[in-house]
Each structure stands twice: as structure tokens, then as C-alpha cells.
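Numbering-wise (numbering that gives the first Met the number 0), the sequence shown opens with residue 0 and increments by one. Backbone N, C-alpha and C fix where the C-beta goes; we use that ideal spot for every residue, glycine too. Following: one structure in C-alpha cells, then a few remarks.
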Amino acid sequence: MNEIGVVNSQAKQWIENIHASFWSQAYFPDWIPCNQNENNFTECFNNMLLETRSMPISEMIDWIQGKMMVNMQKKRSRCRRWEGIVCPAIEKILNNRLDRSRGCDLFFMGGDEYEIPE
């Protein structure tokens, strides 16, 4: 924390005003596998940053922001081509589950409750 204060005292003050449970691994619940790489997100992100390692931190942050803005715009452009109200992958899952549920019997249990017998 002191190293942050040397670089930018306002940043240190800002972090100190946020409760540590929002940013400190010591407060993370045990069931969150924060030390594990469950998917390749971390490796992909680190690989993307290889070319920025020699940059000063402010330039690195600007580079990351630019990269994120480009990626978000690409995703936004793809989303505009969707024809439904949800993304195509989720729509496919919902349609699959709808088809599987067509043969189910539904029994009214009262109120807002229903039961599907096996």
C-alpha cells in the first residue's frame, strides 16, 4: 500500500476508503477458487500483456483500455445482428430445454407452485 502512496497519494487514499472485502483476497469466500485458473482467461490476459511489460504503468493502462474498447465495440457490433432478445447461444439452450420439456406433465400445487412428476 505504501508503494501506491509513493506513486500517487490520492490513489492510496481512494483504496483505503474502500473496504478491503472488495479487493483483498484475504476476505474472499473459501468457495471461490481465486488461486486456480479454471478457464484460460488469466492465461489469455497475461499473454496479451506480454508486449506491454516494458511500458510504464500509465502507458500499460492506456494500452489495456484501448484494447478493451476495441473488443467491446466488436462485441457490440455482433450483438446488433442478433434477431432475438437473447444471444444466439442462450436461445439455442432455451429452445433445446423447451423441446425436452414438451413431454412433461405439470401438476398444479396451489399458489404459484407446480410439480413435475418423474
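Taking DSSP as the reference, what is the three-state secondary structure of residue i?
i	result
residue 65	helix
residue 106	strand
residue 114	strand
residue 82	coil
residue 29	coil
residue 7	coil
residue 20	helix
residue 71	helix
residue 99	helix
residue 52	coil
Looking only at its own chain, which residues have a Cβ that is under 6 angstroms from the Cβ of residue i, when we skip the five neighbours before and after it?
i	result
residue 10	3
residue 62	51
For residue i and residue j, which I take to be in contact (beta-carbon distance under 8 angstroms), what is that distance rounded to the nearest angstrom?
i	j	result
residue 116	residue 104	6 angstroms
residue 47	residue 66	7 angstroms
Among the residues of its own chain, which have a CB less than 8 angstroms from the CB of residue i, if the five just before and after it don't count?
i	result
residue 78	86
residue 107	113
residue 19	25 and 26
Just to confirm my understanding: we take residue i, look at its own chain, exclude 5 residues before and 5 after, and list those with CB closer than 7 angstroms. What are they?
i	result
residue 100	none
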